[in-house]
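**Q** Structure below; questions to follow.
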Amino acid sequence: MKKILMICFLLSCLFSCSAEITDPVVQESQAPVGDSDFDEWDPSQVLVPGINLLTFTDGDRDTTWPYYKSNATHKIKFQIVSGTSTVAGSVDPGLYSVKLEVSANSGTTWTTITGAASLPSTVGTESTFNWGVSSTTYTDGVNYLIRATATNASNKTVTVKSSRTFTIDGTAPTINFLGLSSGTLGVVSVGSPTDPLQAKVVNRSFFETSIAASDTTTVIKFICVKAFDAIAPAVDDSCWQDLGDSASKSLTKIDISTFVGFVQNTYQVSIWAMDFAGNMSSLTNGTGVESKDKITIAYNPAVAPTITNMIASTNDSSSQSPSKSETTFSLNQDVFVRWNVTDTDLLTAPISLYYTLDEENFIEVPGAQNITNVSVGCSPGASFTGCRKIAAPSDKYFKIQIKVKDQSGLVSLSATPALNTDKFSIVAGNTDLGINGSANKAIFLSQVRAADVPGDFGTLAVSSKGKVYFMDATRGVLLVDPVDGVQKVFLEKGSTKTGDGGPVSMATTIGNGKITIDYQDRLLIFDGDRIRRVESDGTINTIIGGGTITTYTKAVAAKSLKFSTSMNMYTLLQVLPNGNIWFTLGNPTAQVIDYTMGIYKAAEDKVYFMKLSGKGVKGDPEYVFTTDYIRTIALSFNYRTSQPEFLTTYICFPVPGGCGHKTANFNARNGISVGYGTHAPAYAYWETQMFASRRGAIYWLGAHYPFQLGKYNVATNQWNTVVGGATQGYCADGAVASACKISGIDAFVDGTNTVYFNDAGQIRVILPDGKLKTLFGERKSAGDGSSPLAARMNGVNYMGVWGTSDTVVAADNKEFNIREITQGAAGSINRLAGNYTDDSVNFEPAAENRYSTNAASASSFANEFWGGIQGVQVDPRDGTFYASLTRNGVVVKYEKNAATGKAGKWKLVLGAGGTADYLSTAANGVAGKNISMNGYPLVLHGIMVPDGATSATAAVEAGTSEAYLVGWTQVWNGTCHVNAFAKIFNSTSGTVRKFMGADTAGVCLSDSTFQEGVDISNSVQMPYWGNATMSSVYLKEERALLMANLGAKRIIKAPILRNGSDQIIGAGVSSVFATTSRTIKSFTYKKNASSQYELYYCAYDGTLNKKNLTTGVETNLPLPTSTSGNKFFTCDGSSISWDYNKQQVYFPFRQNGLSGVGKYCVTTTGTCP
């Protein structure tokens, strides 16, 4: 009978519930447990319930406490908790009745809330009641309390009430004034105080507006400034700026950061205010009143001065490429410095000259400060706007720098090529980084983290005022303030971390971690084993780490923590609006089962810990983590409440030769897997970053197949493309981002949902209309059509010199182009091939001669896996060059002959046709057009030329004057590398000849060295692609091929075997041609007047070296260094060329993280040209 009465009571509770209840989770009632299902239930043994209020109390996670908006619905959330009793056999029935009441007099009297007299709730379940707060029932400005009473089946009750009063507010703030902040940078004209319609002008994208506003009841907490429309913002619009400590009922002319975009235009800037309760102001008369809640602003962006060329010479001439003698000075000798400077608003005396002896310290040139853009003591010539004669500051290495300033306060810098470089000369390449000058022409250097993959995640951050911070690979943290547009070193890179407690300008960082911005615009740096912060006053401090505690179990003081290892780009560094910081502990790519999160609570200055656990990935909820490890991790959070929502991860699981990828999400409250992950982006490869925007949304950036930025859509569990695609490329400014290809290195999404990203070294932004714009940074391929000494080069890997005029062909492996460089007075640099887009090249239909349908300069060099341009070989006779197009899997010739009508196009040499597999014996003797390419992209290792710039020698094969090419590749069979082959083929017909290598019958290639003393024609004991040097040299005198291993100290000679018709049929027994004291990166040779072989090689330590193989004497050929002995230039790249005409060796070099082409004069008689 008691059971029947109890069921009736429960049913009456259910049917008396108000319709205002929304989504309460009501579990099926259960009879209390006894000795059997028929036991009687004694109400005296029912436990006294407990109840918690989850809203309208301290720690409220759903609303802004303690103000609530009138004429709105607010959620009252509560939860029944199990009761306690000392009576044996006490039970908890699970279902209770809850009554909600409100008091307007601090609890003296209580009134039942309409519809909330009897609400069902079960133990442990969060229940929600939607409370409609009407201004007719609840009075503005009055303080209220909420009370909740829970009653069980025995009428035992418990009550809980709000921990403090809250205020009902239905009055919106009022905007009283809006104008430009007079005297602040970027503001050109504030207009007239008596004429609101007078023009207001700015010349910066970010500037300060001044506002005044008031509220009668509640503190004004947020301000929204919009320049792109006058539509009233939603409560959760990204435009709202939190006033922080400036929040007040009365705002008197406070400055607000304002952004009008990056396109010159006239903008209407409108403003709204929102108080703590969520009441929002409206524009006067619906559209706003000028200088009250809107202003009309003309944005005329300031443009920094342009410096297109700068040359220093010993004589008063205007050569674009001064000779070696013209760039060599004695102390105090006359130096004629020329420049080409243009701008619309130059100062009267805009130019200052400096010199440097060490590339670090720049000293004023006496008498050359604040000078005019004209000529003094020299003749500029047609290509320059001004010049100055100065005295050489040294008889050793130096450079001259020019600094130009305009009336807008913008500054540009440039420098001459290196001077007094002894026997070394720069042929092409501007390696000045542009520090302390306009960021538009400056260089931003990223670290290449793995296998030429560009990702350098967590190195870009943008403040609410548009300040761009960038973790540079060589200089530390750079800063570009949009106010002056100058690139500066904000936190210098050093060998150690220094400077805590002092100004950031005196500190150093080790510079290989991540950076971000907190919600007070303070920079955070994950600096090795600690997290540092630059305070608002410029002081830098360690806030987390640097201690000794390595047990990650219970909460510890933040600075007592010790990280077990230095962090890298895969590390999580996420700051929340409340100042809390989530970060990775231990190995940043630790196994999932060992992955530990650190959670810094700012209010306590302590770190708490959470370890990931559980099972389940996208597509497989039962997947068990074993040796899987985290590749990247991101935290989604609620921007308004700072509440973490979930962790999403990209997980690597072992597969032969690398790792596969899955995604998994984890509960951010306990670290347990939720059994699924976000949808993995298509083609996702290993260089991937997931990160959260300033508003807590999750984004994903692929830096290597795909090259794409996407935003996570929670509702669909899909990624929506923001910019980029499956393959690499480049789009000019003004292109629609969603249709563009990019080379994304890092990305940052600010509090207005504006997307900034590092696109191959340029800081770019997606405008509100969805189009791209470059903010800062010069492309590392800039300068086509200009002086070679002014052009940018990023990674010249292959090059060759041809003809009596010493014209150079240079292939930039990082910028995916091939350029031709002419020297002399009219020297220039021009792109012949490559457009930085990863696409296949289309060829004409099958014919005897097949050409590309578009020009080579509009064709691509794919970044197919390990490195873009897989070998470029130059014929020294006429400059014809050959390239391997990895996307197509073909070898092509650049057509120079205008008589063909195909000049400037690719001509197919090998691949893209037939069934003969290049890696099989069936390809031997077959024409190139009938060859198919399988396996890895073919690498062009060398070119064999019968008649070069020296005296004629025997043809490579009898009866032909054609050049022959050496190509190398092998196969990945899913487990390892197999079947490595080097073959020789005719550069015109593509006819393939066997040289060395064999089918390994599935046996993995493990040997990393060329063998000596063995018949290598059919040998499987040979290095595979990744371990072989990227160049081979034809020893014409002996009709043999010279080869060196990657990082080896010897060169192997492989005789070329021929049949009775003088056709190549293989390789003979190998022998050692030369040994060296340093590991070889690239090499060439010449035969001197005494018929002795001389070897020239670039070593992996960056040195240039020479060895006489007869005498055995090896000599270092010194490259320029500073007065302190620091190395400035390094020999680089996979090719080096000998110029018999002028006894010079040409080679790629690197300086300041950039590339170029240099030459070294080795003549023993006369002077260097």
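Residues in the sequence shown are numbered from 4 upward in steps of one, following the working numbering.
Backbone N, C-alpha and C define an ideal beta-carbon position, used for all residues, glycine too.
Computed from a predicted structure; not experimentally measured.
(1) May I ask which residues mark the beginning and end of the beta strand (DSSP E) holding Gln271?
(2) If contact is defined by three or more beta carbon pairs under 8 Å, each pair taking one atom from either stretch, is the region 727-738 in contact with the region 495-508?
(3) Is it true that the region 747-761 meets the region 273-282, where meeting means three or more beta-carbon pairs spaced less than 8 Å apart?
(4) First and last residue of the beta strand (DSSP E) that includes Phe231?
(5) With three or more beta-carbon pairs closer than 8 Å as the criterion, would you say the region 300-313 touches the region 248-258?
(6) Could you have a look at Asn989 and say whether DSSP puts it in helix, strand or coil?
(7) For Ile446 and Leu436, which I take to be in contact (beta-carbon distance under 8 Å), what is that distance rounded to the nearest angstrom?
(8) Taking only the alpha-carbon atoms, compute the straight-line gap between Val107 and Asn146 and give it to the nearest angstrom.
(9) Between Ser1073 and Phe1013, is the Cβ-Cβ spacing less than 8 Å?
(10) Just verifying my parser: in three-state terms, what is the DSSP assignment at Asn891?
(11) Give the range of the beta strand (DSSP E) segment to which Asp762 is assigned.
(12) Alpha carbon to alpha carbon, what distance is there between Phe669 and Val677?
(13) If you count every other CB in all the chains shown that lies within 10 Å of the CB of Gly1161, and 16 or more means buried, which is it?
(14) Rounding to the nearest angstrom, what Cα-Cα distance links Ala814 and Pro879 in this structure?
(15) Per DSSP, which one or two residues make a beta bridge with His77?
(16) First and last residue of the beta strand (DSSP E) that includes Val912?
(17) Give the straight-line distance between the Cα atoms of His707 and Thr755, rounded to the nearest whole angstrom.
(18) Let me make sure I understand the geometry here. Which of Asn1062, Tyr141, Val161 and Thr168 has the alpha-carbon closest to that of Thr58?
(19) Under the DSSP definition of a beta bridge, which residues are partnered with Gln244?
(20) Evaluate Gly962 with the Cβ neighbour count: other Cβ atoms within 10 Å of its Cβ, from every protein chain shown; 16 or more gives buried, anything less gives exposed.
(21) Pick helix, strand or coil for Lys1089, following the three-state DSSP scheme.
(22) Using a threshold of 8 Å, state whether the C-beta atoms of Asp483 and Val489 are closer than that.
(23) Please classify Met509: does DSSP put it in a helix, a strand, or coil?
(24) Rounded to whole angstroms, what's the CA-CA distance from Pro771 to Thr269? Just pull it up for me.
(25) Alpha carbons only, please: which of Gly440, Ile745 and Leu615 is nearest the one belonging to Tyr632?
(26) Ends of the beta strand (DSSP E) at Lys1110?
(27) Do Asp348 and Ser411 come within 8 Å of each other at the CB atom, strictly closer than that value?
(28) With distances taken from CA atoms, which of Cys227, Asp240 and Ser251 is nearest Thr220?
(29) Using the rule of at least 16 other Cβ atoms within 10 Å of the residue's Cβ for burial, across every protein chain shown, is Met693 buried or exposed?
(30) Going by DSSP in three states, Glu1230 sits in which element: helix, strand or coil?
(31) Report the residue from Gly531, Phe710 and Val1148 whose alpha carbon sits nearest the alpha carbon of Lys1109.
(32) Tell me the DSSP secondary structure of Lys1056 in three-state form.
(33) For a test of the three-state rule: what should DSSP assign to Arg1153, helix, strand or coil?
(34) Please classify Glu1041 as buried or exposed, where buried requires at least 16 neighbouring CB atoms within 10 angstroms.
(35) Just to confirm before moving on: does the CB-CB distance between Leu527 and Ile534 stay below 8 Å?
(36) Could you tell me which of Ile171, Lys164 and Ser124 sits nearest to Val136, measuring between CA atoms?
**A** Here's the rundown:
(1) Asn268 to Asp278
(2) no
(3) No: fewer than three Cβ pairs fall under 8 Å.
(4) No beta strand (DSSP E) holds Phe231; DSSP gives it neither H nor E.
(5) Taking a contact to require three or more Cβ pairs closer than 8 Å, the region 300-313 and the region 248-258 do not qualify as touching.
(6) In the structure shown, the three-state DSSP call for Asn989 is strand.
(7) 5 Å
(8) The sequence given here places Ala at residue 107; Val does not occur at that position. Their Cα atoms are separated by approximately 6 Å.
(9) It is a contact, given that the beta carbons lie within the stated cut-off.
(10) coil
(11) Val758 to Asp762
(12) The alpha-carbon atoms of Val677 and Phe669 are separated by roughly 5 Å.
(13) It counts as buried.
(14) 15 Å
(15) Trp134
(16) Lys908 to Leu913
(17) 28 Å
(18) Ranked by how close their Cα comes to the Cα of Thr58, the residues Asn1062, Tyr141, Val161 and Thr168 have Thr168 in first place.
(19) Ile226
(20) Counting the other CB atoms within 10 Å of its CB gives Gly962 a total below 16, which places it among the exposed residues.
(21) strand
(22) Note on identity: in this sequence residue 483 is Val, with Asp being the wrong assignment. Yes.
(23) helix
(24) 15 Å
(25) Leu615
(26) Per DSSP, Lys1110 belongs to the beta strand (DSSP E) from Leu1107 to Asn1111.
(27) yes
(28) Ser251
(29) buried
(30) A question about residue 1230 goes unanswered here, because the residues of the chain that appear run from 4 up to 1172.
(31) The option with the nearest alpha carbon to Lys1109 is Val1148.
(32) strand
(33) strand
(34) exposed
(35) yes
(36) Ile171
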